Amino acid sequence: MLAKKYHSEIKSIINPFEGIYTLEFQSLNGKYKYHPGQFLHIAIDPDFDGTSQWPDSRCFSMQSNPNEETIKITYAVKGVFTRQMEEQLKVGSEVWLKLPYGDLFTQPHNKTNTVFIAGGTGITPFLSLFTHESFNEYINPKIYLGFRTKDHNIYDSELGLSCNSNKFVKLFLEKNDGLIDIQSIFNDNGHDSNYFISGPPVMIKLFKQSLIQKGVPAGNVLTDDWE
Numbered sequence: 000m001l002a003k004k005y006h007s008e009i010k011s012i013i014n015p016f017e018g019i020y021t022l023e024f025q026s027l028n029g030k031y032k033y034h035p036g037q038f039l040h041i042a043i044d045p046d047f048d049g050t051s052q053w054p055d056s057r058c059f060s061m062q063s064n065p066n067e068e069t070i071k072i073t074y075a076v077k078g079v080f081t082r083q084m085e086e087q088l089k090v091g092s093e094v095w096l097k098l099p100y101g102d103l104f105t106q107p108h109n110k111t112n113t114v115f116i117a118g119g120t121g122i123t124p125f126l127s128l129f130t131h132e133s134f135n136e137y138i139n140p141k142i143y144l145g146f147r148t149k150d151h152n153i154y155d156s157e158l159g160l161s162c163n164s165n166k167f168v169k170l171f172l173e174k175n176d177g178l179i180d181i182q183s184i185f186n187d188n189g190h191d192s193n194y195f196i197s198g199p200p201v202m203i204k205l206f207k208q209s210l211i212q213k214g215v216p217a218g219n220v221l222t223d224d225w226e
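Residue numbering for the sequence shown is 0 to 226, as defined by numbering that gives the first Met the number 0.
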């Protein structure tokens, strides 16, 4: 699927915590086309007209699924570009999105006993799969999610729409349980499962190394680490 530029309008902005924003985009030039688990580039330069050289942009995972008319992303303010997004973007603002990119769930993998591990906003690419009918192809999936507190799990409504995925979910709340325990996850699932990992780059690196050191084949550890 070739990447296409979509002139888009911001339909809603949710700011549940300081420095965390969920944006919803509506296309102004045709339906968005992508697969679950893919990501986009967003350009917010007001002078870009869609025909000149692609301006400075940033990648974000899409948390909506391909059946939806709108696209949602969640971002944390962590640098110059995201600070500019926080200050510049309002409901009704027009931006350009370029998508799709990535092959997170189209890579070959076993859909039986598949393990999904996400920290914080790392859950977003998983939501695009969990809320899509293709998630019904997964047999006995295991989902491990880590958040700072229960209140930081702002995705309950989406998980509730996610093909019954919440019955497979185990939460790690840092305040009560500590960080996600990769050792216990491995103990529960073993060498043969496929492991998808998404979250902060340090977490992804450590968890991937840990699983491979325990004997999980490198090809069975699939990560969302395009940043």
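Positions of the beta carbon are idealized from the N, C-alpha and C atoms, including for glycine. These figures come from a predicted structure and were not determined experimentally.
{"query": "On the CB-based measure, 16 or more other CB atoms within 10 Å of its CB, does K71 come out buried or exposed?", "result": "buried"}
{"query": "Would you list, in sequence order, the uninterrupted beta strand (DSSP E) runs of no fewer than 3 residues that lie entirely inside the stretch 54-129?", "result": "57-60, 69-75, 93-100, 114-118"}
{"query": "Quick check on DSSP: helix, strand or coil for G145?", "result": "strand"}
{"query": "Output needed for T222: all residues of its chain with C-beta closer than 8 Å, excluding positions within five of it in sequence on either side, in chain order.", "result": "F195, I196, S197, I203, K207"}
{"query": "Below 7 Å between beta carbons: does that hold for Y100 and I122?", "result": "no"}
{"query": "Please identify the residue among S63, F104, Y143, E67 whose C-alpha is closest to the C-alpha of E136.", "result": "F104"}
{"query": "Would L27 pass as a contact of H40 if the rule is Cβ separation under 7 Å?", "result": "no"}
{"query": "Mapping DSSP to helix, strand and coil, what is L205?", "result": "helix"}
{"query": "Alpha helix (DSSP H) containing N186: first to last residue?", "result": "181-188"}
{"query": "Which residues does DSSP list as the beta-bridge partners of F134?", "result": "Answer is none; F134 lacks a bridge partner."}
{"query": "Do S60 and P124 have their CB atoms nearer than 7 Å?", "result": "yes"}
{"query": "For the candidate residues S209, T113, K3, Q106, whose alpha-carbon lies nearest to that of T50?", "result": "K3"}
{"query": "Quick check: the Cα distance between F167 and I142, rounded to an integer number of angstroms?", "result": "6 Å"}
{"query": "By DSSP, does F167 sit in helix, in strand, or in coil?", "result": "helix"}
{"query": "I9 and L88: beta carbons closer than 7 Å?", "result": "yes"}
{"query": "Taking C-beta to C-beta, are C58 and F80 nearer than 7 Å?", "result": "no"}
{"query": "Is the CB-CB distance between S192 and N112 below 7 Å?", "result": "yes"}
{"query": "If we ignore side chains and look at the alpha-carbon of each, how far apart do D55 and G78 end up?", "result": "14 Å"}
{"query": "If you check the beta carbons only, do F146 and L172 fall under 7 Å apart?", "result": "yes"}
{"query": "Report yes if the C-beta distance between T69 and Q25 is below 7 Å; otherwise report no.", "result": "yes"}
{"query": "To the nearest angstrom, report how far apart E226 and V201 are at their CA atoms.", "result": "In this prediction, E226 scores a pLDDT of 49, lower than 50, which makes its location untrustworthy; no coordinate-derived value is stated."}
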